[in-house]
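> Before I ask anything, let me first share the structure, which is written out below as C-alpha cells.
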Amino acid sequence: MALAQRTSARVSPSRQYAPYIEAVWGLKNHWYPALFSNELGENQVKGVLIAGHEIALRRAKGKTYAMQNRCPHRGVKLSGKPMVLTDDLMTCWYHGFSFGLDDGVLKTIAGCPDDQNIGRVRIRTYPVQEVAGIIFVFVGDENYKPVPPLSSDLPLRITDDPNPVKHLLDPDVFVRGIHRTGKANWRLAVENGYDPGHLLIHWDSMMVNSQDRLIPIGVEPVREDAVRFIDEPDGPKGIMCMYNREGAWKPILENPLVKMKAKGKKPYYFRVSTVLPGLLQVEHWPIPGWSQLEWYIPTDDKHHEYWEVVVGPCRNEDERSAAESLYNGFFEPIGLRGFNDADLFARESMQKFYEDNAGWDEEVLCMFDNALVAWRKAVSRFNRGIQEAPRICEEP
Ligand code: FES
Ligand SMILES: [Fe+2]
53 MALAQRTSAR
63 VSPSRQYAPY
73 IEAVWGLKNH
83 WYPALFSNEL
93 GENQVKGVLI
103 AGHEIALRRA
113 KGKTYAMQNR
123 CPHRGVKLSG
133 KPMVLTDDLM
143 TCWYHGFSFG
153 LDDGVLKTIA
163 GCPDDQNIGR
173 VRIRTYPVQE
183 VAGIIFVFVG
193 DENYKPVPPL
203 SSDLPLRITD
213 DPNPVKHLLD
223 PDVFVRGIHR
233 TGKANWRLAV
243 ENGYDPGHLL
253 IHWDSMMVNS
263 QDRLIPIGVE
273 PVREDAVRFI
283 DEPDGPKGIM
293 CMYNREGAWK
303 PILENPLVKM
313 KAKGKKPYYF
323 RVSTVLPGLL
333 QVEHWPIPGW
343 SQLEWYIPTD
353 DKHHEYWEVV
363 VGPCRNEDER
373 SAAESLYNGF
383 FEPIGLRGFN
393 DADLFARESM
403 QKFYEDNAGW
413 DEEVLCMFDN
423 ALVAWRKAVS
433 RFNRGIQEAP
443 RICEEP
C-alpha cells in the first residue's frame, strides 16, 4: 500500500507543532554563525546565505560588518567581485554605488557623485558579534527590537556537573571546527544530530570501535523525565536528553532477532541538548572534559550549513598546543569528518521524503522519537518568528 493511502485516514499528527512544519526556511530573529573569524581577513568581503538572507561580510580595521548582499542599483551581489576602496564604504563592483559599512546608506556613486539617490537610498545592515573565533550575525526582521543577547542563542551553560564542559563565552577556551554544506533541510539536520535512535549509523565508525566505551544498539525512554525542556530566563530554549538520569532511559544491549549486541564495555554518558535556532551540545564528547557543538543553519529550503565545533579547556600555551595536536590528529579526521559523515549521509537521505512537507504526516514514529517531538514542540513554543521565503535566493 502506498504511503499516502496508508496515512490518509489519520488526523494530521504534525498539527501539534504546526509552526515547526511551517519553518521550511528556518527561524528568524536569532543569532547564527556566519564564518569562522579566520575565514575573513582584513579588507576581505565574503557572501553567506542564512535562512534565505543573502549577507555580505566585510572586515575593515579589524571590525566585522554585515550587510545585504544585493546592490539596489541593478541587483548584483556585492560579494560577486569584491571591491574595497576605503575603510568605511562597501563599493559595488559594477557601477560604483558605495554604501556606509555602519549604516548601509548610499554615500556616493564613484562616477556620479551628484546623483539625487545619494543619502536617500540604503541597504540593510545586520548586527554582528565575534566571539570564540566565530562571527555571529543576527538574522531576521530588520526592526526586531531589542536584539537579544548572543548568549540566549548559545548552548546551555552547564552547572550541574562536577566537571562541567566549557562554555563558548569562557575565557580559557579552545574552539576549532569546520563547516560544510548539506543537501537537506535544516530540520532534518537538527533532528539527526540528537536523534536517540540513530546509533546504528555510527556502528562501523573508528570513533566507536577504537575505544572501549559502551555503545548500546539503542535507547528506549521509559519515563516522562527522559527528555526535559530548557527554558532559561533570557537564556537558551530547547530540550535536553537526560541520559544521565538513572532509570529514565533503558539501553538496549541485545536484540537476538537481528543478531545484534552492544559494543564496548565502559559505561559512558554523554548528555545531549539542542537549543534554538538549531544548535546541538554533546557533553563529554569526543572525549571527557570536551564538548561538541553543531549548528544546522538553514541556507535555503533544501540546504543547510553544517557547523561542527569542538570546545575544550585551554589555560596556557602548553595546553593550546596539546589541544591543536588532538584536534588535527583525532577530533577533525576521526570525529568531525569520519564519524559525522554518516550523519550527513543520513539527513540527505531523508530529504526527498520530507521535501513536499507530506513526510511530516506520513512518518511512522516510534518510542525513541519522543525526543524529536519534544524538539518540534520547543521550536513551536519558543521561536522568535518563522522565516518567510525570500524573493531571490541563489543556491548555496
Ligand atoms: S549594480 Fe551595483 S552599482 Fe550597478
Ligand atoms: Fe550521529
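If you count by my numbering, then the sequence shown holds residues 53 to 448, one letter each, in order. Just so it is clear, CB atoms sit at the ideal spot from N, CA and C, and this is done for glycine as well.
Could you compute how far the alpha carbon of Q68 sits from the alpha carbon of G390?
For Q68 and G390, the distance between alpha carbons rounds to 36 angstroms.
> So, are the CB atoms of V97 and S64 less than 7 angstroms apart?
For V97 and S64, no; Cβs fall outside 7 angstroms.
> In the DSSP assignment, the alpha helix (DSSP H) including S373 goes from what residue to what residue?
It spans 369-378 - the alpha helix (DSSP H) in which S373 sits, taken as one unbroken run.
> Between the C-alpha atoms of D205 and Q333, what's the straight-line distance to the nearest angstrom?
Their Cα atoms are separated by approximately 12 angstroms.
> G364 and Y348: beta carbons closer than 7 angstroms?
No, they are not a contact pair.
> When DSSP labels each residue in this structure, what does K133 get in the three-state scheme?
Coil.
> Within its chain, find whatever has a CB closer than 7 angstroms to the CB of T116; leave out the 5 residues flanking it on each side and keep chain order.
Taken in chain order, the residues that qualify are L92, L109, V180, E182, I187.
> For I304, which residues in the same chain have their Cβ closer than 6 angstroms to its Cβ, ignoring the five residues on either side in sequence?
P268, I269, G270, listed in sequence order.
> Within a Cβ cutoff of 7 angstroms, which residues of the same chain sit near A61, ignoring the five residues on either side of it in sequence?
Residue placement at A61 is flagged as unreliable, the pLDDT there being 47, under the threshold of 50; the coordinate-derived value follows with that caveat. Contacts found: none.
> Could you check whether the Cβ of D256 sits closer than 6 angstroms to any heavy atom belonging to ligand 3?
Here the bound small molecules are ligand 1 and ligand 2; ligand 3 is not part of this structure.
> Does the Cβ of V128 lie closer than 6 angstroms to at least one heavy atom of ligand 1?
Indeed, a heavy atom of ligand 1 lies less than 6 angstroms from the Cβ.
> Within 6 angstroms: the Cβ of D395 and any heavy atom of ligand 2?
D395: yes, Cβ under 6 angstroms from ligand 2.
> Is the separation between the beta-carbon of I253 and that of A394 shorter than 7 angstroms?
Result yes, Cβ atoms of I253 and A394 sit closer than 7 angstroms.
> Got a sec: is the Cβ-Cβ distance from E94 to anything in chain C below 7 angstroms?
Of the protein chains in the structure, only one exists, and it is not chain C.
> Which value, in whole angstroms, describes the spacing of the CA atoms of D413 and S66?
Cα-Cα distance, rounded: 6 angstroms.
> Helix, strand or coil for V310? Go by DSSP, reduced to three states.
V310 falls in the helix class under three-state DSSP.
> With DSSP run on the structure shown, which of helix, strand or coil describes R323?
Three-state result, R323: coil.
> Within the present structure, is the beta-carbon of F149 separated from the nearest heavy atom of ligand 1 by less than 6 angstroms?
Yes, the Cβ of F149 comes within 6 angstroms of a heavy atom of ligand 1.
> Considering only their Cβ atoms, is the gap separating W255 from P350 smaller than 7 angstroms?
No; because the gap between Cβ atoms is not below 7 angstroms, this pair is not in contact.
> Between which residues of its own chain and A54 is the CB-CB distance below 6 angstroms, once the five residues before and five after are set aside?
Reliability fails at A54, whose pLDDT of 41 lies under 50, so the model's placement of it is uncertain and the value that follows must be treated cautiously. Hits under 6 angstroms: none found.
> My parser needs the beta strand (DSSP E) runs of 3 or more residues fully inside the region 278-311; what are they?
Segments of the beta strand (DSSP E) lying fully in the region 278-311: 279-283, 289-293, 301-304.
> Counting C-beta neighbours from all protein chains within 10 Å, is the total for Q168 16 or more, i.e. buried, or is it exposed?
By the 10 Å Cβ count, Q168 comes out exposed.
> Taking the continuous alpha helix (DSSP H) assigned at S432, which residues delimit it?
That run of the alpha helix (DSSP H) goes 422-434.
> From the DSSP output, read off the bridge partner residues of S343.
Its beta-bridge partners are E335, V363.
> Since S401 is in the alpha helix (DSSP H), which residue starts that stretch and which ends it?
Counting along the chain, the alpha helix (DSSP H) containing S401 begins and ends at 392-406.
> Output the distance between the C-alpha atoms of C123 and I438, rounded to the nearest integer angstrom.
In a straight line, the C-alpha of C123 is about 26 angstroms away from that of I438.
> Looking at ligand 1, does it come within less than 6 angstroms of H125, judged from the CB to the closest heavy atom?
Correct: H125 has its Cβ closer than 6 angstroms to ligand 1.
> Would you report the Cα separation of G381 and R174, rounded to the nearest angstrom?
G381 and R174: Cα-Cα distance of roughly 47 angstroms.
> Helix, strand or coil for R389? Go by DSSP, reduced to three states.
DSSP places R389 in helix when its eight states are reduced to three.
> Quick one: give me the first and last residue of the alpha helix (DSSP H) that V173 is part of.
First-last for V173: undefined, no H or E at that position.
> How many angstroms separate the CA atom of W145 from the CA atom of Q120?
Spanning the two alpha carbons is a distance of roughly 15 angstroms.
> Give the C-beta separation of K514 and L378 to the nearest angstrom, bearing in mind that I take them to be a contact with Cβ-Cβ under 8 angstroms.
Outside the shown range of the chain, which is 53 to 448, sits residue 514, and nothing can be said about it.
> Figure out for me which residue from C164, C293, T160 has the closest Cα to the Cα of G171.
Comparing Cα-Cα distances from G171 to each of C164, C293, T160, the minimum goes to T160.
> Taking just the CA atoms, how far does R209 sit from V189?
Looking at the two C-alpha atoms, the distance is approximately 21 angstroms.
> If you draw a straight line from the C-alpha of Q403 to the C-alpha of M259, how long is it?
Cα to Cα, Q403 sits roughly 26 angstroms from M259.
> Would DSSP call E446 helix, strand or coil?
The answer is coil: DSSP assigns E446 none of H, G, I, E or B.
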